[in-house]
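**Student:** The structure's right below; bear with me while I get my questions together.
Protein chains: 2
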Amino acid sequence: MPSKTEALTREDWIKGGFRALTTGGPEAVKIEKIAREMKVSKGSFYWHFKDQAALKSAMMSHWEAWGTQAIIDRNEERELSPKEKLQDLSARITNSRDAASGGLHYGGLMMEAAIRDWSRFDKNVRSSVRKVNSTRLDYIAKLFAQLGLNADQSKLKANLLYSSMIGLEFLEHQKLADLESDLSELLTLFLCNGDDTGG
Amino acid sequence: MPSKTEALTREDWIKGGFRALTTGGPEAVKIEKIAREMKVSKGSFYWHFKDQAALKSAMMSHWEAWGTQAIIDRNEERELSPKEKLQDLSARITNSRDAASGGLHYGGLMMEAAIRDWSRFDKNVRSSVRKVNSTRLDYIAKLFAQLGLNADQSKLKANLLYSSMIGLEFLEHQKLADLESDLSELLTLFLCNGDDTGG
DNA sequence: CAATCACCATACGCAGGCGTATTGACTCCG
DNA sequence: CGGAGTCAATACGCCTGCGTATGGTGATTG
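So the sequences go chain by chain: A and B.
Going by my numbering, the first sequence opens with residue 1, and the numbers climb by one from there.
Going by my numbering, the second sequence opens with residue 200, and the numbers climb by one from there.
Below is the structure:
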């Protein structure tokens, strides 16, 4: 365990990477830029990481874990009805600013959006995003199924709910309250009528 | 009217800009890069535009017009019921590869997504996107209103429908057919029950 | 107390992008 | 033909970012 002024760790750089991503988008995830923000030289970076791709990869690993299992676990560990879980999930995803994930928690909404941006033109990031989406969708669909919807309907509603979360988040950068209320309305709508799948 | 090998126009560069944006994202909208793709030198660019910002600005102007008025006009000029218009709109936004807008039509889905990415960390682009969103949402809400929904419900459903378009587009890079079907289901759901706004 | 190790700073060469300045071609007009 | 105007190629200086190489410093170990 070194002392001096507390040597940087690998995770410090990952956090720095997410800060850059969140505040400046994919374009801002530059080593020298992050180094400046952290008031160190990039010499440190290349000690902890092989190159840029390694940082990106590490960031994605963290996010894959945080963006799926962490959220789901926290939702499951409390004793809620499926309906409550769905409501809670909506609130959690839109409002993820609470202290979670042991310090590696970077900023919720903006961060997810930035990662989605990133994924659009980066194969590896896209692969991570697909995993996360898939896990989340399966989980949401499972909750709908527990409420009595059949498999197709569950998947459909999961798609639509999750898509709305993403789309609404994009529409309303500013007013968070309306976002949650809109999502809540959608959920109500989904849970009011079970089956009427038109052809 | 010059001759030679048909001198480049301002719009050629704008098209080039959109091609770059669509295929490589905001990061790819670089003058020298676009110039290479167009097999000319950047000397040409700086004849037609003052700088990068000018190109971006011009691109946004084009998109503002194309992304709102053009879509709405084409939807309105045909004689459809409001319900049909909504369905048609969904299909049109997701499936905008038909020959439209007189040649300045760059690639539908990917392009819109790239512009949204761009807007996240660029003030001017964001301003354009807000305008376009606002216009589209008003139009969609108007259609819902024509179907008998009150103002609040119209706005809500417009928000949700439009958000779903965006979110679904993100989820399903690959299968376009499912996207349309999901949207169609959502619309059906919206139009089946008029009012049940829970508190 | 030297040797080693962990961690960081500095300096380097390279590539790519920006915007400018200069020059070159081709066209139009007188 | 000569000059003005339109458009594009080339060359330049600047900056930023990458990854490497090398050197320094403080702790740790024998």
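Quick reminder that beta carbons are idealized off the backbone N, C-alpha and C, glycines included.
(1) In whole angstroms, what is the alpha-carbon distance linking A:Ser81 and A:Ser90?
(2) Within the same chain, show all residues whose beta-carbon is closer than 8 angstroms to that of B:Glu263, passing over the 5 residues directly before and after it, in chain order.
(3) Would you decide whether B:Gln352 is buried or exposed? Buried here means 16 or more other CB atoms lie within 10 Å of its CB.
(4) By the criterion of Cβ-Cβ separation under 8 angstroms, what are the contact partners of B:Tyr361 in chain A?
(5) Strictly below 8 angstroms CB to CB, what residues from chain B border A:Leu186?
(6) May I have the straight-line CA-CA distance separating B:Met309 from B:Ser363, to the nearest angstrom?
(7) Beta-carbon separation of A:Phe220 and B:Ile365 under 8 angstroms?
(8) Taking C-beta pairs closer than 7 angstroms, name the residues in chain B that A:Gly25 reaches, listed in chain order.
(9) So for B:Ala206, helix, strand or coil by DSSP?
(10) Look up A:Gly43 in the DSSP assignment and say whether it is helix, strand or coil.
(11) Any Cβ of chain A within less than 8 angstroms of the Cβ of B:Leu207?
(12) Could you spell out where the alpha helix (DSSP H) holding A:Lys155 opens and where it closes?
(13) Examine chain A for any beta-carbon lying closer than 8 angstroms to the beta-carbon of B:Asp297, and answer yes or no.
(14) I'd like to know if A:Arg202 contacts chain B, where contact means its C-beta is closer than 8 angstroms to some C-beta of that chain.
(15) Three or more C-beta pairs under 8 angstroms: does that hold for the segment 181-193 of chain A against the segment 115-122 of chain A?
(16) Could you give the distance in angstroms between the alpha-carbon of A:Asp124 and the alpha-carbon of B:Leu336?
(17) Reducing DSSP to helix, strand and coil, say where A:Arg78 ends up.
(18) When you compare each of A:Met38, A:Asp88 and A:Asp122 to B:Gly223 by their alpha carbons, which one comes out closest?
(19) Using C-beta distances below 8 angstroms, list every residue in its chain close to A:Gln87, excluding the 5 sequence neighbours before and after it, in chain order.
(20) Cβ of B:Met237 within 8 angstroms of Cβ of B:Gly215?
(21) Starting from B:Ala227, follow the alpha helix (DSSP H) in both directions and report where the run begins and ends.
(22) In whole angstroms, give me the CA-to-CA distance for A:Leu176 and B:Glu205.
(23) Strictly below 8 angstroms CB to CB, what residues from chain A border B:Ala312?
(24) May I ask which residues mark the beginning and end of the alpha helix (DSSP H) holding B:Thr387?
(25) For B:Cys389, collect the residues of the same chain with a Cβ closer than 8 angstroms to its Cβ; drop the 5 residues on either side in sequence, then sort them by chain order.
(26) Quick one: does B:Asn332 have its CB under 8 angstroms from some CB of chain A?
(27) Taking A:Leu147 as the reference, which of A:Ala113, A:Glu172, A:Asp178 and A:Lys85 has the closest Cα?
(28) Name, please, each residue of chain B whose Cβ falls closer than 7 angstroms to the Cβ of A:Leu189.
(29) If you follow the alpha helix (DSSP H) that B:Trp317 is in, where does it begin and where does it stop?
(30) Which residue wins for smallest C-alpha separation from A:Thr135, given the options A:Leu168, A:Thr22, A:Ile72 and A:Ala151?
(31) On the three-state DSSP scale, how would you describe B:Ser300?
(32) Return the first residue and the last residue of the alpha helix (DSSP H) that B:Leu342 is part of.
(33) Which same chain residues end up closer than 7 angstroms to A:Gln52 when comparing Cβ atoms and leaving out the 5 residues on each side of it in sequence?
**Tutor:** The answer reads as follows:
(1) 14 angstroms
(2) Ser327, Lys330 and Val331
(3) buried
(4) Gly167 and Leu171
(5) Leu359
(6) 16 angstroms
(7) Given that chain A is displayed from residue 1 to residue 199, the structure contains no residue 220 of chain A and the question cannot be resolved.
(8) Arg319 and Phe320
(9) coil
(10) helix
(11) no
(12) Ala151 to Leu171
(13) For B:Asp297, the predicted structure reports a pLDDT of 40, less than 50, and the residue's modelled location is therefore unreliable. A value from the coordinates is still provided. Chain A contact via Cβ: absent.
(14) No statement about residue 202 of chain A is possible, as the shown extent of chain A runs from 1 to 199 and does not include it.
(15) no
(16) Note on residue identity: the sequence assigns Asn, not Asp, to residue 124 of chain A. Taking the straight line joining both Cα atoms gives about 34 angstroms.
(17) coil
(18) A:Asp122
(19) Ser184 and Leu187
(20) yes
(21) Where B:Ala227 is concerned, there is no enclosing alpha helix (DSSP H), given that its DSSP letter is neither H nor E.
(22) 52 angstroms
(23) Arg120
(24) Leu375 to Cys391
(25) Note that residue 389 of chain B corresponds to Phe in the displayed sequence, not to Cys. So the qualifying residues of the chain are Phe343, Lys356, Leu359 and Leu360.
(26) yes
(27) A:Lys85
(28) Leu388
(29) Leu308 to Arg319
(30) A:Ile72
(31) In this predicted model, B:Ser300 has a pLDDT of only 36, less than 50, meaning its place in the structure is not dependable; the value taken from the coordinates is given anyway. In the structure shown, B:Ser300 sits in a helix (DSSP, three-state: H, G or I).
(32) Lys322 to Gln345
(33) Ile31
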